[in-house]
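Visitor:
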Amino acid sequence: MSKDNQILEEFTSKEYEHGWNIDIEADQAPKGLNEDIVRFISAKKEEPEWLLEWRLKAFRAWTKMKEPKWANVKFPDINYQDIIYYSAPKQKVKPKSLNEVDPELLETFKKLGISLEEQKRLTGVAVDAVLDSVSVATTFKDKLAEMGIIFCSFSEAVREHPELVKKYIGSVVPTSDNYFAALNSAVFSDGSFCYIPKGVRCPMELSTYFRINAANTGQFERTLIVAEEGSYVSYLEGCTAPQRDENQLHAAVVEIYAKKDAEVKYSTVQNWYPGDKEGKGGIYNFVTKRGICAGDNSKISWTQVETGSSITWKYPSCILKGDNSIGEFYSVAVTNNRQQADTGTKMIHIGKNTKSRIVSKGVSAGYSQNSYRGQVKVMKRADGARNFSQCDSLLMGDKCGAHTFPYIDIENKSAQIEHEATTSKIGEDQIFYCTQRGIDEEKAVALIVNGYCKEVLNQLPMEFAVEAQKLLALTLEGSVG
Amino acid sequence: MSESTKDISLEKEFIDNFEALESRINGASALPVHKVRKEAISAFQKLGVPTSKNEEYKFTDLNKTLRKNFDFSSPAHPGNISSDLINNHFLPDMDTNKLVFINGIYSSELSTIVSPEDQLLVKDFSSASEENKEELQSYFAKYADYDSDAFVALNTAFAEHGSFIHIPDNKVVEKPIALYFFNDAQEEKSYNQPRNLFVAGKNSQASFIEVFNTIGDSASFTNIVTEIVVNENAHIDYYKIQNNRDSAFHVGTTQVWQARSSHFSAYTFTLNGAMIRNNLNIASDGEGCESHMYGLYLLHGKTHVDNHTVVDHIKPNSFSNELYKGIMEDQSHGVFNGKVYVRQAAQKTNAFQSNKNILLSDEATINSKPQLEIWADDVKCSHGCTTGQLDEEAMFYLQSRGISKERARVLLLYAFATDVLENVKLEPLKNYLENLISERLHKDF
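Residue numbers (the numbering used here), protein chains in the order written: chain A, 45 to 525; chain B, 11 to 455.
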């Protein structure tokens, strides 16, 4: 027991490794939110009239909505008038190559170990780096452009491909979908836009690194991915954030639109600042992620590794509208100290012979609360729908909690739905097996947890799998259950 | 607009009714029971009748249903059913203690107690509230939570009739205790709110059976609360049989409290009714408790059944197991919500939960929400939930051996139901249910 405590203590006292702060003069909007702020943001970004109208519509819907309270998380009320809704790093000239980019920014990325040059040269990943809401550099764009793939910041897309943005924005997550989506729609600062033309298989992983920088700034990202008929894309998103004392709100929206025979794979490693040992500071991560398999035989796959944020509240969902479409959700959520996570997915079966698969692995340690909340809904006309869900929870220490809230709503008799969930700690016999073979206890735990998460980690693209494993190993250090 | 004004009136109907009750019972208002009633009605006033916006009643909008079908402005009428009308509703071939309730009111003339008095004390709730003040005070409304559930609050506020059953320490009640609730809907719609309190002493053993029936074609509504106190090392089985009329609405809450090393098993069989809501809440408040929950619902027509169960593991080293199965035909609607709580102190808990459903019609719906909430680390908990149809391979296997498609279907459905049925410990009751179910499967499915 005492050893357990000691090790747990060590584990829980671990400081956030990626915590530092770089001073970039921010071009900020005044605190608070009203129609003028929405107009300010829109004007600042030189947006067309229709987008301003769209934002205002969302803002008006938002003012009529109430913050939802149903999630299994607790936090002090957010004062939405005490947030700065727009801040951009100052840049005089738009950079054409990395040499022109603010060296301080590049330094930030280097600290994170994702130097753009390195990425560009060695890994072949095109990175659209988002620092404090404005895209700073986009690489490999020309190469992608040759194939007709558009991968750029959201504001650039609004300028250069307004017809596409106009057509698809809000088509999966409508402006009034939920409180945080409405807020995002009204004030989103930037984000990424990705368009894969018909029949094109994107040759590389598209990746965006998000990073919150200026204090007191909410981050409102918006990502829109459109995959035309028969196309394929794998998209990566990763987050790290510097240490803060005040809670920061992050309310992103991700929309994926997959047409006939298209396939989109969306992977996330989320490692926002989780707050200190007492749960002070840390990011509120309230995200709306949704994809629609609009065409027949399309497929959307979500993979997420959630280790950061003081509060995570997100449900990457799939609307399986096209016949034979497939939705997948793979998740590892690790919470420690005072972290709270309420995450899961929604699979809405509308088309015939649609399939979905959910694999969720939760690990809770310290004083954290980890909840899985998911819905599998089979509509009346969704003949032959098939779902398999598995949600496992692992508890480390007796002060944390693991919760499972699956909703299974079936209206069609031909549906075949399976759900199973287990909660346990690491078996003593498993550890004993390892230790008697000369593997020390700590390594044994790492081994077991890695095996426990393997099913999900295997879904990640190579580059991310490495980072995710590093993150897990870091989190697990010294955490013998 | 009209919706909301009506809304208020449903609650107001009950509150006016409560005032009428207060003036009627005048002399008895000094009783401790009445203090609880008052607290309950003010809790109800705050809660209101739940709509589908309430997460716990999301799929079962009783507010709308009750408003549409009932008028609660006048007090529940006592009912009058002649004995020959109820005679064929008793469980066959069973030698039981027979307690008969007409519109929730205990009828000593129609009841027969066969167990000796030193084994079993049966009292009508109203006389117990005067004669057994102390016992009632220490148990009544201590477990059923009227602060958060509107129907428990309502029942508590109107707790007047029902039963008080006490089994002394170290006694085994050999004959099952069957409670028959008859609603008189012969001339007009009726509603009633019976309240039961079963107290099982240390090392005692007994089986309870609750059977619900309606006489007459009008609509009936029952809002029943049964509190069961299972003391140290007692073994209690509890059966609930609902094969009621198409016009019978039912909300039932069974609240169980278990002390150290006690065993409790609940069996809920739902075969017919209009809209049924069963709440089964077990607090496992001692080490080494064992709790079993079995449920079977065979639904047809427009029957709507909502089973909510809660097992709350408070102390270490307990075990709970839950198995609920359902077959849904026609436009029927099944709802299952099973909660397993494991508190921080409840280390070494083993809790298992399983919900399996077969949908036989595209008009039928199932909403299942198995739920685990765990705050202790050294536990083994799991739940599983499946929804599907009959296994095609099994069907083929049977057909290839010369069994007709229809027969094969019934056979497989029967096998599906047997999983739950075989756990029934009372042999005659098992036979009775077996017949009922196979008859039903042959007729409908």
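Virtual Cβ for every residue (Gly too), placed ideally from N, Cα, C.
#1: Specify the secondary structure class of alanine 258 of chain A as computed by DSSP and reduced to three states.
#2: Answer with yes or no whether the minimum CB distance from isoleucine 384 of chain B to chain A is below 8 Å.
#3: Measure from the C-beta of leucine 443 of chain B to each C-beta in chain A and report whether the shortest distance is under 8 Å.
#4: Go ahead and pull the three-state DSSP assignment for phenylalanine 208 of chain B.
#5: Expressed to the nearest angstrom, what Euclidean distance is found between the alpha-carbon atoms of threonine 387 of chain A and serine 414 of chain B?
#6: In the DSSP assignment, what residue or residues form a beta bridge with alanine 361 of chain B?
#7: Can you name, in chain order, every residue of its own chain whose Cβ lies under 6 Å from the Cβ of glutamate 21 of chain B, other than the five neighbours on each side?
#8: Would you say aspartate 176 of chain A reaches chain B, if we count a Cβ-Cβ gap shorter than 8 Å as a contact?
#9: Could you tell me the distance, in whole angstroms, from the CA atom of threonine 70 of chain B to the CA atom of lysine 349 of chain B?
#10: Within 8 Å of any Cβ in chain B, is that where the Cβ of lysine 138 of chain A sits?
#11: Could you tell me whether the segment 326-335 of chain A touches the segment 221-229 of chain A, using the rule of 3 or more Cβ pairs below 8 Å?
#12: At what residues does the alpha helix (DSSP H) containing cysteine 497 of chain A begin and finish?
#13: Report the option in B:Glu242, B:Val182, B:Val434, B:Ile115 whose CA atom is closest to the CA atom of tyrosine 190 of chain B.
#14: Please report the residue range of the beta strand (DSSP E) in which tryptophan 106 of chain A lies.
#15: Measure the Cβ-Cβ separation of phenylalanine 161 of chain B and leucine 207 of chain B and say whether it is below 8 Å.
#16: Looking only at DSSP bridge pairs, what is glutamine 381 of chain B linked to?
#17: Exposed or buried, glutamate 170 of chain B, counting other C-beta atoms within 10 Å across all chains shown (16 or more means buried)?
#18: Among the residues of its own chain, which have a CB less than 8 Å from the CB of leucine 422 of chain B, if the five just before and after it don't count?
#19: Between leucine 369 of chain B and threonine 397 of chain B, how many whole angstroms is the CB-CB distance? I'm expecting something under 8 Å.
#20: State the beta-bridge partners of methionine 285 of chain B as determined by DSSP.
#21: Buried or exposed: where does phenylalanine 232 of chain A fall if 16 or more other Cβ atoms within 10 Å of its Cβ makes it buried?
#22: Could you tell me whether the Cβ of aspartate 442 of chain A comes closer than 8 Å to any Cβ of chain B?
#23: Interface residues of chain B around tyrosine 451 of chain A at Cβ under 7 Å?
#24: Which runs of the beta strand (DSSP E), 3 residues or longer, sit entirely within the segment 341-369 of chain A?
#25: Taking aspartate 71 of chain B as the query, report the chain A residues whose CB atoms sit under 8 Å from its CB, ordered along the chain.
#26: Using a Cβ-Cβ cut-off of less than 8 Å, give me the residues of the segment 389-402 of chain B that come near chain A, in sequence order.
#27: Which one or two residues does DSSP pair with glutamate 273 of chain A in a beta bridge?
#28: Rounded to whole angstroms, what's the CA-CA distance from aspartate 81 of chain B to tyrosine 310 of chain A? Just pull it up for me.
#29: What runs of the alpha helix (DSSP H), each 4 residues or longer, lie entirely inside the segment 65-108 of chain B?
#30: What residue range does the alpha helix (DSSP H) around leucine 293 of chain A cover?
#31: Which residues in the same chain have their Cβ closer than 6 Å to the Cβ of serine 433 of chain A, if we skip the five residues on either side of it in sequence?
#32: When you check each C-beta in the segment 449-477 of chain A against every C-beta of chain B, which residues fall closer than 9 Å?
#33: Looking only at C-alpha atoms, which of A:Tyr496, A:Asn502, A:Asp484 sits nearest to leucine 439 of chain A?
#34: Between lysine 343 of chain A and the ligand MG, is the CB less than 7 Å from at least one heavy atom?
#35: Is it buried or exposed, glutamate 93 of chain A, if we count other Cβ atoms within 10 angstroms and call 16 or more buried?
#36: Checking contacts by CB at 8 Å: is alanine 418 of chain B closer than that to chain A?
Guide: Judging by the given coordinates:
#1: Here residue 258 of chain A refers to the residue found at position 214 of the first sequence. Its pLDDT being 42, under 50, alanine 258 of chain A is placed unreliably by the model, and nothing is read from it.
#2: By one-based count along the second sequence, residue 384 of chain B stands at place 374. By this cut-off, isoleucine 384 of chain B is an interface position.
#3: Position 433 of the second sequence holds residue 443 of chain B. No, leucine 443 of chain B does not count as interfacial toward chain A.
#4: Translated into positions along the second sequence, residue 208 of chain B becomes position 198. Note: phenylalanine 208 of chain B maps to strand in three-state DSSP.
#5: The residue given as residue 387 of chain A occupies position 343 in the first sequence. The residue given as residue 414 of chain B occupies position 404 in the second sequence. Their Cα atoms are separated by approximately 48 Å.
#6: Here residue 361 of chain B corresponds to residue number 351 of the second sequence, with the count starting at 1. The partner list for alanine 361 of chain B (beta bridge, DSSP) reads B:Ser330, B:Cys391.
#7: Within the second sequence, residue 21 of chain B is the residue found at index 11, counting from 1. Around glutamate 21 of chain B: Gly58.
#8: Translated into positions along the first sequence, residue 176 of chain A becomes position 132. The predicted position of aspartate 176 of chain A is uncertain, since its pLDDT is 43 and thus under 50; a value taken from the coordinates is nonetheless stated next. Chain B contact via Cβ: absent.
#9: One-based indexing of the second sequence puts residue 70 of chain B at position 60. One-based indexing of the second sequence puts residue 349 of chain B at position 339. So the alpha carbons of these two residues sit roughly 17 Å apart.
#10: Here residue 138 of chain A is taken as the residue at index 94 of the first sequence, counted from 1. Low confidence applies here, because lysine 138 of chain A scores a pLDDT of 43, under 50, leaving its location unreliable; read the following figure in that light. No, lysine 138 of chain A lies away from the interface with chain B (no Cβ there is under 8 Å from its Cβ).
#11: yes
#12: Here residue 497 of chain A is taken as the residue at index 453 of the first sequence, counted from 1. 485-501 is the span of the alpha helix (DSSP H), which, as asked, contains cysteine 497 of chain A.
#13: By 1-based counting over the second sequence, the position of residue 190 of chain B is 180. Of the listed residues, the one whose Cα sits closest to tyrosine 190 of chain B is B:Ile115.
#14: Position 62 of the first sequence holds residue 106 of chain A. Looking at the DSSP string, tryptophan 106 of chain A is not in any beta strand (DSSP E); the run it does join, the alpha helix (DSSP H), is 93-108.
#15: Locating residue 161 of chain B in the second sequence gives position 151, counting from the first residue. Locating residue 207 of chain B in the second sequence gives position 197, counting from the first residue. In this structure, leucine 207 of chain B does not lie closer than 8 Å to phenylalanine 161 of chain B by Cβ.
#16: By one-based count along the second sequence, residue 381 of chain B stands at place 371. Paired residues: B:Lys349.
#17: As a first step, residue 170 of chain B must be located in the second sequence, where it is residue number 160. Buried is the call here.
#18: As a working mapping, residue 422 of chain B is identified with position 412 in the second sequence. Cβ neighbours of leucine 422 of chain B beyond the five flanking positions: Leu400, Asp401, Ala404, Met405, Leu408.
#19: Here residue 369 of chain B corresponds to residue number 359 of the second sequence, with the count starting at 1. Here residue 397 of chain B corresponds to residue number 387 of the second sequence, with the count starting at 1. Contact holds; Cβ gap of about 6 Å.
#20: Within the second sequence, numbered from 1, the residue matching residue 285 of chain B stands at position 275. BP columns for methionine 285 of chain B point to B:Phe259, B:His314.
#21: Position 188 of the first sequence, counted from the start, is the residue given in the question as residue 232 of chain A. Burial call: buried.
#22: As a working note, residue 442 of chain A is residue 398 in the first sequence. Aspartate 442 of chain A counts as touching chain B.
#23: Translated into positions along the first sequence, residue 451 of chain A becomes position 407. Lys379, listed in chain order.
#24: 343-350, 355-358, 361-364
#25: Start at 1 with the first residue of the second sequence, and residue 71 of chain B comes out as number 61. The premise fails here: aspartate 71 of chain B is roughly 15 Å from chain A at the closest Cβ pair, so nothing lies under 8 Å.
#26: Val389, Lys390, Cys391, Ser392, His393, Gly394, Cys395, Thr396, Thr397, Gly398, Gln399
#27: Here residue 273 of chain A refers to the residue found at position 229 of the first sequence. In the DSSP output, where bridge partners are listed per residue, glutamate 273 of chain A has none listed.
#28: For the purposes of this step, residue 81 of chain B is identified with residue 71 of the second sequence, where counting begins at 1. For the purposes of this step, residue 310 of chain A is identified with residue 266 of the first sequence, where counting begins at 1. Distance between the alpha carbons of aspartate 81 of chain B and tyrosine 310 of chain A is about 55 Å.
#29: 72-79, 93-96
#30: Against the first sequence, residue 293 of chain A aligns to sequence position 249. Element bounds for leucine 293 of chain A: not the alpha helix (DSSP H) but the beta strand (DSSP E), 292-294.
#31: Reading the first sequence from its first residue, position 389 is the one you call residue 433 of chain A. Here the set comprises Ile402, His463.
#32: Phe449, Pro450, Tyr451, Ile452, Asp453, Ile454, Glu455, Asn456, Lys457, Ser458, Ala459, Gln460, Ile461, Glu462, His463, Glu464, Ala465, Thr466, Thr467, Ser468, Lys469
#33: In the first sequence, counting from the first residue as 1, residue 439 of chain A sits at position 395. Selected option, being the one with the closest Cα: A:Tyr496.
#34: This structure lacks the ligand MG; in fact it carries no ligand of any kind.
#35: Counting from 1 along the first sequence, the entry for residue 93 of chain A is found at position 49. With fewer than 16 Cβ atoms within 10 Å of its Cβ, glutamate 93 of chain A is classed as exposed.
#36: The residue labelled residue 418 of chain B in the question sits at position 408 within the second sequence. For alanine 418 of chain B, the answer is no, since every Cβ of chain A falls outside 8 Å of its Cβ.
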